[in-house]
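Notes for the one structure printed next.
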Amino acid sequence: MYRQIPSKINRIATNIFHGTANNRKRRRTIAKFADKIGLIYFGPVNQISDEHKVVRGFTVSSSHKDASYCVGTIDDYNITLVDRKDAVLQPNGKAENYQWLVMAFELHTDKDLPHLFIGAHDKNPKPYELLFGTFPKLQPITLGTFENYHQDFTSRYTISSRHDQSIEVERLFPDNITRIIGEHFWPLSAEHHEGVLYIYSDKQNITPNLMSVMIENGLWLAGHLDRQAEIV
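Taking the numbering used here, the leading residue of the sequence shown gets -19, the next gets one more, and so forth.
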């Protein structure tokens, strides 16, 4: 798999991650935002030696580096925020660095919801290609079994899941919900996996406004999934 990277690349990724002015600015911005909304800021964490709950989703790997780890509870949802970077070995043998701001929302439902990814169009697809390499059964699904979907969503997003779960995914995301996603989420992406909703941004310039949008959209979508899980 592409996630198995040599130790030399791992060291290079670590140096880049902790050595740039941009990352120092990101850490300050995240720490200030976390304090404002009531999250506890822990700074960088080591997935091997530090005791903490690892944020998973498709960006988790044996080589990722996490900075600005924050945890807390908002509107009864346990939330983890992390600034994650990874050096990923490509098929051509070269390593590319990717960085994501990730917010994880633990759902309340005990229903086994499908693993799915809501991917934004008109963006560089490379930071998200790992998802489909790790989970090859996730494929774009065709919406429209029960109703037509508005172009506000279909022109901006694609939902990927296992094809044998596509009907359940459509019941989770009726047209009125996807229209809200199309209008308010872009260019964020989202993943649900094993009871956790992940909201992703791969923007290099993060701002308090971006993080506020991620929190607001994440809380809204988590609430929707919890409610919809009871009726699908």
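Every residue gets a Cβ at the ideal spot worked out from N, C-alpha and C, and that includes glycine.
Verify whether the separation of the beta carbon atoms of Lys183 and Leu190 is less than 8 Å.
-> One thing to note: Lys183 has its Cβ within 8 Å of the Cβ of Leu190.
Per DSSP, Tyr178 forms a beta bridge with which residues?
-> Beta bridge pairing from DSSP links Tyr178 with Ala84, Glu171.
Round the Cβ separation of Gly175 and Glu86 to the nearest angstrom and send it over; I've been treating them as touching at under 8 Å.
-> Indeed, because the Cβ distance is near 7 Å, the residues count as touching under 8 Å.
In terms of residue numbering, what span does the alpha helix (DSSP H) encompassing Lys45 cover?
-> Element bounds for Lys45: not the alpha helix (DSSP H) but the beta strand (DSSP E), 45 to 54.
Outcome for Met(-19) when other beta-carbon atoms lying within 10 angstroms are tallied against a minimum of 16 | Because the pLDDT of Met(-19) is 43, which lies under 50, any placement of that residue in the model is unreliable, and the question is left without a value.
Expressed to the nearest angstrom, what Euclidean distance is found between the alpha-carbon atoms of Trp200 and Phe126?
-> For Trp200 and Phe126, the distance between alpha carbons rounds to 23 Å.
Mind checking who Thr60 pairs with in its DSSP beta bridge?
-> Paired residues: Val51, Ala84.
Contact set for Lys117: own chain, Cβ-Cβ below 6 Å, skip 5 residues either direction | Only Arg142 meet the Cβ criterion.
What residue does the alpha helix (DSSP H) around His209 start on, and which one ends it?
-> His is not the amino acid found at residue 209; the sequence shown has Ala there. Element bounds for Ala209: n/a, residue is neither H nor E.
Take His88 and list the residues in its own chain whose beta-carbon comes closer than 7 Å to its own, dropping the five residues that flank it on each side.
-> Excluding residues within five positions, the ones whose Cβ falls inside 7 Å are Asp206.
CB-CB length for Leu123 against His172, believed under 8 Å = At roughly 16 Å, the Cβ-Cβ gap does not stay under 8 Å, so Leu123 and His172 are not in contact.
For Val35, which of helix, strand or coil comes out of DSSP?
-> Reduced to three states, the DSSP call for Val35 is coil.
Alpha carbon to alpha carbon, how far is Phe38 from Phe13? Give it in angstroms, no decimals.
-> One C-alpha to the other measures close to 25 Å.
Would you give the residue range spanned by the alpha helix (DSSP H) that Lys149 belongs to?
-> The residue asked about is misnamed: residue 149 is Val in this sequence, not Lys. For Val149, the enclosing alpha helix (DSSP H) has its first and last residue at 146 to 152.
C-beta atoms of Ser135 and Gly99 nearer than 8 Å | In this structure, Gly99 does not lie closer than 8 Å to Ser135 by Cβ.
Mapping DSSP to helix, strand and coil, what is Phe165?
-> Note: Phe165 maps to coil in three-state DSSP.
Beta strand (DSSP E) containing Ile98: first to last residue?
-> Its beta strand (DSSP E) spans residues 96 to 100.
Could you pull out every residue in the same chain whose Cβ sits closer than 7 Å to the Cβ of Arg159, ignoring the five residues on either side in sequence?
-> Closer than 7 Å at the Cβ level, and outside the excluded window around Arg159, lie His130, Asp132, Phe133.
Along the alpha helix (DSSP H) that carries Ile17, what are the first and last residues, could you check?
-> Element bounds for Ile17: 1 to 17.
Close beta carbons around Val25, own chain, < 6 Å, minus the five adjacent residues each side = Cβ neighbours of Val25 beyond the five flanking positions: His32, Asp46, Tyr49.
Between which two residues does the alpha helix (DSSP H) carrying Thr138 extend?
-> Here Thr138 belongs to no alpha helix (DSSP H); instead the beta strand (DSSP E) covers 137 to 141.
Is Ala170 near Tyr57, with beta carbons less than 8 Å apart?
-> Cβ atoms of Ala170 and Tyr57: not closer than 8 Å.
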